[in-house]
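Working notes, structure below.
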Amino acid sequence: MSGAASRAPTRADRAADFVVKVWADGAVVYDEADGSLQVLNPIAGEAFQRLLEQPDLSPLELGRLLLQAEPDADDLRMVSDLLSEFEALGLWERSPA
Numbered sequence: 004m005s006g007a008a009s010r011a012p013t014r015a016d017r018a019a020d021f022v023v024k025v026w027a028d029g030a031v032v033y034d035e036a037d038g039s040l041q042v043l044n045p046i047a048g049e050a051f052q053r054l055l056e057q058p059d060l061s062p063l064e065l066g067r068l069l070l071q072a073e074p075d076a077d078d079l080r081m082v083s084d085l086l087s088e089f090e091a092l093g094l095w096e097r098s099p100a
């Protein structure tokens, strides 16, 4: 399959479909559109919540929000890995460059 029908929905397309709960030891994302539930670590839960609130955040901006400091190269790799994980789970699609 190709084209628009096969692309993962973007945050802007589906932000209202997600319910996110974050606790000290973990997080869950419930997708009301298909009934799926994803379990995330606390940092991933916070990151996903931030992306839903601010869909156009760059990895650098997201890193700054999560760390409350300037992210270094390792931090930016972690953020990029989180975004890739969200993409693999069908929760998020990167904006075209």
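When the letters of the sequence shown are read in order and numbered with our numbering, they come out as residues 4 to 100.
Positions of the beta carbon are idealized from the N, C-alpha and C atoms, including for glycine.
N-terminal and C-terminal residue of the beta strand (DSSP E) that residue i is part of
| i | result |
| --- | --- |
| Gln-41 | 39 to 43 |
| Asp-34 | 29 to 34 |
| Trp-95 | That residue, Trp-95, is in no beta strand (DSSP E); it is neither H nor E in DSSP. |
Nearest-angstrom Cβ-Cβ length linking residue i and residue j, presumed shorter than 8 Å
| i | j | result |
| --- | --- | --- |
| Leu-79 | Pro-62 | 6 Å |
| Val-22 | Gly-48 | So it is not a contact: roughly 12 Å between Cβ atoms. |
| Ala-30 | Leu-43 | 4 Å |
| Asp-34 | Pro-45 | Not really, about 19 Å apart at Cβ, beyond 8 Å. |
Own chain residues within Cβ distance below 8 Å of residue i, not counting five before or after
| i | result |
| --- | --- |
| Arg-53 | Leu-60, Leu-65, Leu-68, Leu-69 |
| Glu-88 | Ala-47 |
Residue span of the alpha helix (DSSP H) that contains residue i, given as start and end
| i | result |
| --- | --- |
| Leu-60 | Here Leu-60 belongs to no alpha helix (DSSP H), and DSSP marks it neither H nor E. |
Cβ shell of residue i (< 7 Å), same chain only, five flanking positions each side left out
| i | result |
| --- | --- |
| Glu-73 | Arg-67 |
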